[in-house]
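Numbering-wise, my numbering puts 960 at position 106 of the sequence shown, and it's gapless, one number per residue. Heads up, the beta-carbon is just placed ideally off N, CA and C, and yes, glycines get one too. Worksheet: one structure, shown below.
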Amino acid sequence: MRIGCINSANYNNNRYFNTYNRNFPAFSGLKFFDRFEKSDKSKNNKNSKLIDNPIEQSKYFKDFGIIDYKTKLANGFMDVASSGMISDDGSCTSSREIIVVDKNNDKVLKGLIEHSKKATVNMPDEQKANYISNLIAFYTDRKRKNITTKPNEKILAGELLGSISASGRQNSIIFKVISDETGLKTDLVKGTKFGVKSIWNVVHLPNRKDKIYDTYSQVVENANKSKIYVPMYK
């Protein structure tokens, strides 16, 4: 199942893009994005313990594979991928790029947060989750860019969003940050998808209707029945 209005029947037709334009009128011609881009160890432990120190939070996610909805991603949070290591002083090593959360200086992330806060203020949770997912998917699809990263290179999550060379880790990180800022109960989860290491989100909806949101693959799935997404903490 694709997110929101996205499905195989309407993904490439004008009606689909017109729906996007109605939902996100400021996005026409990508002026919205241009504006804020150019402007100034127990495996069973499923609780991120409300850690607010970015180094400790980053290490916890590396070791346990979850930052739950009770814990906001801190400024300075780093994802070093599965191959990486984080020292107590915050120094990192990784064979991949190191994705950094900076809500103050990441212009793309800051713009997405500001827009989402205004657009979703009166939305019920599931509609809000779909809206945020569509927002990230729209940006990823329509703002393609070629960014070459190096091992150990630190890069802002928003800067990497839309890169054709990126793995999608930044999508899930950004979904979590926006969820934190808009009051949506969302976990950031690490595990395997089809046996391959991956990151996704779990949104806790009313009546225990938890859903997996994989915004990079544009997939929504029942979190309690999924056999594809296997979290690290199980």
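Short check: CB of residue i to CB of residue j, under 9 Å?
{"i": "N1006", "j": "I952", "result": "yes"}
{"i": "K1065", "j": "V1056", "result": "yes"}
{"i": "E910", "j": "I967", "result": "no"}
{"i": "M932", "j": "S949", "result": "no"}
{"i": "S1021", "j": "A1077", "result": "no"}
{"i": "N959", "j": "L1010", "result": "yes"}
{"i": "Y1087", "j": "G919", "result": "yes"}
Whose C-alpha, out of the options, is nearest the C-alpha of residue i?
{"i": "L1059", "options": "G1037, A1011, G965", "result": "G1037"}
{"i": "K1081", "options": "E1013, S945, K1047, N907", "result": "K1047"}
{"i": "A991", "options": "M977, T1002, S1017, T974", "result": "S1017"}
{"i": "I986", "options": "R1062, D995, K971", "result": "K971"}
{"i": "I1027", "options": "D906, L904, L927, K916", "result": "L927"}
{"i": "P908", "options": "G919, G938, S937, V954", "result": "V954"}
{"i": "S1052", "options": "K1063, T1003, Y1067", "result": "Y1067"}
{"i": "D942", "options": "K964, Y914, F918", "result": "Y914"}
{"i": "F1029", "options": "N988, N1061, D906, R996", "result": "N988"}
{"i": "E1075", "options": "I921, Y993, E980", "result": "E980"}
{"i": "L904", "options": "M977, T925, S1033", "result": "T925"}
{"i": "T947", "options": "K1004, G919, R996", "result": "K1004"}
{"i": "P978", "options": "S1033, K1079, T1002", "result": "S1033"}
Mapping the DSSP letters down to three states, classify residue i as helix, strand or coil.
{"i": "Y1070", "result": "coil"}
{"i": "Y1113", "result": "For residue 1113 there is no data in the structure shown, the boundaries of the chain being 855 and 1088."}
{"i": "G938", "result": "coil"}
{"i": "E1075", "result": "strand"}
{"i": "G1045", "result": "strand"}
{"i": "N1061", "result": "helix"}
{"i": "K924", "result": "coil"}
{"i": "D933", "result": "strand"}
{"i": "I1053", "result": "strand"}
{"i": "L1038", "result": "coil"}
{"i": "S912", "result": "helix"}
{"i": "K999", "result": "strand"}
{"i": "L835", "result": "Any answer about residue 835 is impossible in this case: the structure gives the chain only from 855 up to 1088."}
{"i": "I986", "result": "helix"}
{"i": "I905", "result": "coil"}
{"i": "K1004", "result": "coil"}
For residue i, is the beta carbon positioned less than 8 Å from some heavy atom of the ligand ZN?
{"i": "V1084", "result": "With respect to small molecules bound, the structure shown includes none, and the ligand ZN cannot be examined in it."}
I think residue i touches residue j, with their Cβ atoms under 8 Å apart; what is that distance to the nearest whole Å?
{"i": "L1015", "j": "N1025", "result": "7 Å"}
{"i": "K957", "j": "V1031", "result": "7 Å"}
{"i": "T1069", "j": "Y923", "result": "Not confirmed; about 16 Å, so no contact."}
{"i": "V1073", "j": "E1013", "result": "So it is not a contact: roughly 24 Å between Cβ atoms."}
{"i": "G938", "j": "K964", "result": "No, G938 and K964 are not in contact; Cβ-Cβ is about 25 Å, not under 8 Å."}
{"i": "T994", "j": "K982", "result": "In fact, because the Cβ distance is near 19 Å, the residues do not count as touching under 8 Å."}
Runs of alpha helix (DSSP H) lying entirely within the stretch 942-983, each at least 4 residues, in chain order: 961-973
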